[in-house]
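Peer 1: Heads up: the sequence shown runs through residues -15 to 112, numbered per our numbering. Even for Gly, the Cβ is constructed at its ideal location relative to N, Cα and C. Sharing a structure, written as structure tokens. Questions coming.
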Amino acid sequence: QREEEMEERAERELEEARRRSEELRDALDQSAQEFAQRERAAGAEGFARGVEACQVEIQTLKDHIGVLKEEEEMLKKQLNMLEEEVEEARSTGAEARRDADDKGMQLAILRAARAAEDSVAASASLTH
């Protein structure tokens, strides 16, 4: 009888240990699931922060591109103005060269005429 009681007691304790083991296993599974959920949530939050940072960087780059395009337009206008000034200076230089050539020709003609007059005057003085 005593042996049966001990066996029953041992079976109850074994059953209790199994039940307790099952509870602990369930609690451990629950904890693992909660931990995995928290990790996924933290990962998602980190990903969202990364996406947000990328969006800010993209907007910064777009703003920078806008500034660069404005600068490009300004530089194009300045280049056009300089090209016009150079063309105008070339044109003015060519006109100045033509004017100088014309004045040089006039001067040469006047000098030739004066030399001719002097020659005529010298000849006239010799003949008188």
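Whole angstroms are fine: how far does the CA of R9 sit from the CA of E36?
Peer 2: One C-alpha to the other measures close to 40 Å.
Peer 1: In this structure, does DSSP put Q(-15) in helix, strand or coil?
Peer 2: coil
Peer 1: If you drop the 5 nearest sequence neighbours on each side, which residues of the same chain put their C-beta closer than 6 Å to that of L63?
Peer 2: none
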